[in-house]
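Here is the structure we will look at, set down as structure tokens.
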Amino acid sequence: MSHEPCTSRHLGPLASMRWWRMTLKELREILRDRRTILTLIGMPLLIYPLLGVTFQKLLVSQAANKSKIEYRIALVSQRDSRVFRDLFQKSAILRAKQEGALDLPRQEPAGTVDDPIWTFLESRDKSATVDVDHFVANRSADVGVRLKSGGEEGPWEFELTYRSASLFSLDARRAIEDRLRTINDYVVLERLHEQDPSFVMPLGLTLKSVVPTDAGSSFSMATLIPLILILMTVTGAVYPAIDLTAGERERGTLEALISAPVPRHELLFAKYLAVLAVAMLTAIANLTSMVITAYSNGMEQLLFGSGGVSFRMLILILGLLIVFAGFFAAVILILTSFARSFKEAQAYLIPVMLVSLAPGVLCLLPGIEMTAWMSVTPLVNIVILARDVFDGRAQPIWVVATLLSTVLYSAVALALAAKIFGTDAVLYGSEGSWADLIRRPTLSRPAASLSQAMACLAVLFPAFLVLSGVPGRLMGEWVAGRLIGNAIITIVLFAVMPLALARWSSIDLSDGFRLRGATIASFLAATILGLSLWPFAIELARFQTNSLEQSDAIKELFERVSASLNAIPLPAKLLALALIPAVCEELFFRGYLQSAFRSGMSTSLAVILSSCLFGLFHVIATLSFERFAPTCFLGLVLGWVCYRTGSVLPGMVLHTIHNSLIILMQAFVKELAAMGIGTEADQHVPTSWLVGAGLAITLAIGILFSNAQGKQDVAATSLIGDNSPAAPGA
Amino acid sequence: MIRRLWSPYDGQPMIIVDNLTRCFASGGKSLVAVDRLSFSVKEGEVYGLLGPNGAGKTTTLRMILGLLQPTSGDASVDGFRVSQFPDEVKRRIGLVSASAGLYQWLSPREMLLFFADLYSIEPAVARERLESLVDLLDLRRFLDQRCSTLSTGQKQRVTLARALMHDPPIMLLDEPTRGLDVVGTHVIFEYIGHLRSMGKSVVVSTHRLDEASQICDRLGLLHRGTLRHEGTFAELQQVTGCVTLFEMFLQLMNQPSLMSNSLTGGLSG
Ligand SMILES: Nc1ncnc2c1ncn2[C@@H]1O[C@H](COP(=O)(O)OP(=O)(O)OP(=O)(O)O)[C@@H](O)[C@H]1O
Ligand SMILES: [Mg+2]
Chain A
566 MSHEPCTSRH LGPLASMRWW RMTLKELREI LRDRRTILTL IGMPLLIYPL LGVTFQKLLV
626 SQAANKSKIE YRIALVSQRD SRVFRDLFQK SAILRAKQEG ALDLPRQEPA GTVDDPIWTF
686 LESRDKSATV DVDHFVANRS ADVGVRLKSG GEEGPWEFEL TYRSASLFSL DARRAIEDRL
746 RTINDYVVLE RLHEQDPSFV MPLGLTLKSV VPTDAGSSFS MATLIPLILI LMTVTGAVYP
806 AIDLTAGERE RGTLEALISA PVPRHELLFA KYLAVLAVAM LTAIANLTSM VITAYSNGME
866 QLLFGSGGVS FRMLILILGL LIVFAGFFAA VILILTSFAR SFKEAQAYLI PVMLVSLAPG
926 VLCLLPGIEM TAWMSVTPLV NIVILARDVF DGRAQPIWVV ATLLSTVLYS AVALALAAKI
986 FGTDAVLYGS EGSWADLIRR PTLSRPAASL SQAMACLAVL FPAFLVLSGV PGRLMGEWVA
1046 GRLIGNAIIT IVLFAVMPLA LARWSSIDLS DGFRLRGATI ASFLAATILG LSLWPFAIEL
1106 ARFQTNSLEQ SDAIKELFER VSASLNAIPL PAKLLALALI PAVCEELFFR GYLQSAFRSG
1166 MSTSLAVILS SCLFGLFHVI ATLSFERFAP TCFLGLVLGW VCYRTGSVLP GMVLHTIHNS
1226 LIILMQAFVK ELAAMGIGTE ADQHVPTSWL VGAGLAITLA IGILFSNAQG KQDVAATSLI
1286 GDNSPAAPGA
Chain B
32 MIRRLWSPYD GQPMIIVDNL TRCFASGGKS LVAVDRLSFS VKEGEVYGLL GPNGAGKTTT
92 LRMILGLLQP TSGDASVDGF RVSQFPDEVK RRIGLVSASA GLYQWLSPRE MLLFFADLYS
152 IEPAVARERL ESLVDLLDLR RFLDQRCSTL STGQKQRVTL ARALMHDPPI MLLDEPTRGL
212 DVVGTHVIFE YIGHLRSMGK SVVVSTHRLD EASQICDRLG LLHRGTLRHE GTFAELQQVT
272 GCVTLFEMFL QLMNQPSLMS NSLTGGLSG
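Below, the structure is given as structure tokens:
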């Protein structure tokens, strides 16, 4: 060009507020659609009252079904009745005094075992005598009472008739005995006091009732409320998110939008705000409807804890929901920006919903408490925090940790979505679509497409979740059987399935799984890393334990190794717990997944994402969040090694050695303890070991850096991706 | 409306397409949609990009606007390289595409003002321009109706107005007549005439060959991603020996031996 173009930017004060006007436009568009209003805002206003009525009916009918305890006492004559009821009344006063009450509680009896309802049956005729034995025998009464002897002042002698075969009749008899005995005891005590004022009974009893802390009572409706609210908020975000991204693409307005000189992140930010606003609108509608329903049905204690609904609590909940909706809207926008049609967006969202629901439900199980690592685990942290806010036991430090990390994740997700939104691959759909999954490609491809990897994950995740519990159920205590079962599941899910899928879709195994040779130096470096990573893994596990729970987490590092495992011969253990998992996991996470990710994003992002998934799968396998950090760390190292060497084989070596070392350490735990290495919380790996391992790692990294083969790996997928950067013109 | 002298560099072409190439990977195959394409469009010129289905016209226009990354090569618009100054390029171009949709829940007025805002047009200027475009394209009747209720022709007129809201010096029209009746088509070609009278550079891709041969200053015949013939209609008639564009098309598609790059190179020089 003969002249230098001047980039004059027409950014006035006008442009600075444009994002706000853009947001308003998006909102106007969404809210003019009556369906939105109906489903997102009208529905909750309708559904909660309906649910409330149903729920209340249920409660009432339950209460009616649970029959109250009522003892029917038949009395021989009216005189017997008068004497007996007199005594009964006295005993009630005495009991009340014993329990500390000042006067007799005048309320209705509760009908419980402690406070039964007494019904006295007597003849209306003054002089008549009733055959009480007969009435008890034919079950018209539970106990019959006859005054055998005794005048107006006593002493009295009663005869109690009961059915020895009926537990209920027996209970009634015992309850009467208890009541009458109170009078005897009282009189005896009075008499003894008269003779010896210092006399005390040898035994004293005080009664105190508590509410159980275990599962039974703490898993109430109140635990479910946060999950319901969160689900509702998500529902509110999903529709506008799809509509404003994939929908815009589908209706053909996206091209004009991208043709305007507006940065894509600004476009996306306006959409994000609009989605957030609608999600919050839905949340507020849900919350309002829920509170009003609870209030009018008198269930607010049941739903919102003993304190009922307070203004402060509502504000807290809304605040939490904003943070949560902010996070989820950003995550959803990543997926919907990626999709090219409404249907495709829905298909992407379903696995995400599944994945996000699992930890949500998991966290509602009783006994799970917020820990440091949970407070930074997306989604999990918000669900638990919401529960704790409801219960009024949220600790400030976890509130801060949760909010900070969630805001951070939201920002990252939003940045990612802005990168994807409106790229030409999405705009003109040149990348493989879901239809590619069904149509078998004819030509060989270097790596699985991103969407195929997503589909594979969407199948693998639930399969893994379901299957990982099966060996335990089938094999029971037979440890060897469980080991074999686990090994088979690992092989099928992580090796056979992706390999079959890849074969079917004509993916080149050497490229798509990085199944190819590597230099001797690569294997050397991998071996060194495999030998030297464990001290840091242990320290990492310890570091996170130090922050809260002691020592349990460290043992988690050895999760699969339990005491009963010691009976298994060492070679078998190494095979089942070190070699097979290492090979299969490398094949899937580094070979298949990372290669697929790299066809759609930068290498570093692909490595990070696949290690996070690697960590997540281990969290699910062991049901302990503490596994996340060490596994993620290992995944990052393995991902980088795979990228540098261009092959999964060195990673397999590294992974196997690392696993084996940890199993060996478990086998020789006593010998190691003598050397100062162990799983106790206060035992740090000796500094000399750490320094030595550090040096070894540095050496290995050096070898890998000087190894030129890594460069081959860079271009493998750039041909197929449409995001390949434009070559500058002549 | 005042005619604005956009380029201070008279004689410089407004659009220069330089060895533009774009490959697509579809179903494992690699397809070269545009193959080392070069041409240029001068200020105030109406350039017709013609070719059968799948020739690469749409792909070329998208790359000029920077919506699609070229595999190699580059284009420049009013002196700005597309790869370097995407926003400057976008600011100078108005796009009318057959597949363009409208915001269903907004009215044409709201939508047009929204796009003016995207191009950082002052609100007062935008309102003024809206009025003149409403008169030009006869939008008054449905200006405040929801876009989803408009007919195809009405929608197309809103799209035409949308592309002019920021008064760009260059217009890219991709099959602007698709789905329109005789009257609608007439409106489009009147519109192109209006654009020419305002001194705008226009690249139009269309299958309406008769109208194209009348209105276009120069024509480029594209087939399988390469430019086979280029020149005024009279020049093309001379070179191909055909009378109508239709015949030229038939020749283009039936006689692959005639279509050598050297011939094209000789013509476009
Ligand atoms: N996003 C895409 N992914 C894969 N292939 C594409 C894509 N876009 C275009 N193509 C292919 O590139 C070639 C040129 O397409 P293009 O749309 O540019 O043709 P065209 O000249 O505009 O045709 P028409 O007259 O039918 O509009 C076609 O073979 C088409 O299949
Ligand atoms: Mg086209």
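Which chain is which? The protein sequence lines are A and B, in order.
Using this note's numbering, you'd call the opening residue of the first sequence number 566 and step up by one each time.
Using this note's numbering, you'd call the opening residue of the second sequence number 32 and step up by one each time.
In this text, a Cβ means the ideal position worked out from N, Cα and C, and glycines have one as well.
Since we're looking at a predicted model, the values are computed, not measured.
1) If we define contact as Cβ-Cβ less than 8 angstroms, is leucine 512(A) a contact residue for chain B?
2) Which residue's Cα is closest to the Cα of arginine 738(A): Leu950(A), Arg746(A), Tyr727(A) and Thr747(A)?
3) Under the assumption that alanine 1091(A) contacts valine 1206(A) (Cβ atoms under 8 angstroms), give the Cβ distance between them as a whole number of angstroms.
4) Within 8 angstroms of any Cβ in chain B, is that where the Cβ of aspartate 953(A) sits?
5) Around the C-beta of serine 642(A), are 16 or more other C-beta atoms found within 10 angstroms, so that it is buried, or is it exposed?
6) Quick check: is any heavy atom of ligand 1 less than 7 angstroms from the C-beta of glycine 957(A)?
7) Just to confirm, are leucine 1096(A) and isoleucine 899(A) a CB contact at a threshold of 8 angstroms?
8) So, are the CB atoms of serine 130(B) and glycine 987(A) less than 8 angstroms apart?
9) Using a Cβ-Cβ distance under 8 angstroms, would aspartate 598(A) count as near chain B?
10) Among residues of its own chain, excluding the 5 on either side of asparagine 1051(A), which ones have a beta-carbon nearer than 6 angstroms to its beta-carbon?
11) Please give me, in chain order, every unbroken run of the alpha helix (DSSP H) with length at least 4 that falls completely inside the stretch 129-181 of chain B.
12) In angstroms, rounded to a whole number, what distance separates the CA positions of isoleucine 748(A) and lysine 655(A)?
13) For the candidate residues Pro791(A), Lys773(A), Asp645(A) and Thr798(A), whose alpha-carbon lies nearest to that of leucine 725(A)?
14) Beta-carbon of glycine 817(A) versus every beta-carbon of chain B: anything under 8 angstroms?
15) Beta carbon of valine 65(B), beta carbon of threonine 91(B): below 8 angstroms?
16) Consult DSSP for asparagine 50(B) and reduce its assignment to one of helix, strand or coil.
17) Heavy atom of ligand 1 less than 7 angstroms from the Cβ of alanine 904(A), yes or no?
18) Check distances from the C-beta atoms of the stretch 88-101 of chain B to those of chain A and list, in chain order, the residues that come in under 8 angstroms.
19) With a cut-off of 8 angstroms, does the C-beta of tyrosine 7(B) fall near any C-beta of chain A?
20) Drop a sphere of 10 angstroms on the beta-carbon of serine 854(A), count the other beta-carbons inside from all chains shown, and report buried for 16 or more, exposed for fewer.
21) Quick one: what's got a C-beta closer than 7 angstroms to phenylalanine 907(A)'s C-beta in the same chain, skipping five residues either side?
22) Using CA coordinates, which residue listed in Pro154(B), Gly75(B) and Thr102(B) is at the minimum distance from arginine 586(A)?
23) What does phenylalanine 70(B) touch in chain A if you count any residue whose Cβ is under 9 angstroms from its own?
24) With 16 as the cutoff for other CB atoms within 10 Å, does glycine 85(B) come out buried or exposed?
25) Starting from threonine 257(B) and walking both ways along the beta strand (DSSP E), at which residues does that stretch end?
26) Along chain B, which residues have their Cβ under 7 angstroms away from the Cβ of glutamate 909(A)?
27) If you follow the beta strand (DSSP E) that glutamate 815(A) is in, where does it begin and where does it stop?
28) Should threonine 89(B) be listed as close to ligand 2, given that the test is whether its C-beta is under 7 angstroms from any heavy atom?
29) So, is asparagine 285(B) buried or exposed, given that buried needs 16 or more other C-beta atoms within 10 angstroms?
30) Using the C-alpha atoms, what's the distance from isoleucine 1103(A) back to proline 1251(A)?
31) For asparagine 84(B), decide whether its Cβ has a neighbour in chain A, counting only Cβ atoms nearer than 8 angstroms.
32) Look up glycine 716(A) in the DSSP assignment and say whether it is helix, strand or coil.
33) What three-state label does DSSP hand methionine 587(A) in the structure shown?
34) Within 8 angstroms of any Cβ in chain A, is that where the Cβ of tyrosine 222(B) sits?
35) Against chain A, which members of the stretch 178-209 of chain B pass a CB distance test of less than 7 angstroms?
36) Report the partner residues of leucine 686(A) according to the DSSP bridge assignment.
Walking through what the data contain:
1) Lying outside 566 to 1295, the shown extent of chain A, residue 512(A) is not represented and no answer is given.
2) Cα-wise, what sits closest to arginine 738(A) is Tyr727(A).
3) 6 angstroms
4) no
5) buried
6) no
7) no
8) no
9) yes
10) Pro1036
11) 139-149 and 154-168
12) Each residue's alpha carbon lies about 8 angstroms from the other.
13) Scanning Pro791(A), Lys773(A), Asp645(A) and Thr798(A) for the CA closest to the CA of leucine 725(A) turns up Asp645(A).
14) Yes, glycine 817(A) counts as interfacial toward chain B.
15) For valine 65(B) and threonine 91(B), yes; Cβs fall inside 8 angstroms.
16) Strand at asparagine 50(B).
17) The answer is no for alanine 904(A).
18) Sequence-ordered contacts of the stretch 88-101 of chain B with chain A read Arg93, Leu96, Leu98, Leu99, Gln100 and Pro101 [C-beta pairs closer than 8 angstroms].
19) This structure does not reach residue 7(B), given that chain B is present from 32 up to 300, and the question cannot be answered.
20) buried
21) Excluding sequence neighbours, phenylalanine 907(A) sits near Ile807, Ala811, Gly812 and Glu815.
22) Pro154(B)
23) Those within 9 angstroms of phenylalanine 70(B) in chain A number zero; the least Cβ separation is about 14 angstroms.
24) Exposed is the call here.
25) 257-262
26) By Cβ distance, chain B contributes nothing, its closest Cβ being about 17 angstroms from glutamate 909(A), past 7 angstroms.
27) That residue, glutamate 815(A), is in no beta strand (DSSP E); its alpha helix (DSSP H) goes 811-816.
28) Yes, Cβ of threonine 89(B) sits closer than 7 angstroms to a heavy atom of ligand 2.
29) Exposed, because fewer than 16 other Cβ atoms sit within 10 Å of the Cβ of asparagine 285(B).
30) Looking at the two C-alpha atoms, the distance is approximately 12 angstroms.
31) no
32) coil
33) helix
34) no
35) Arg193
36) Ala639(A)
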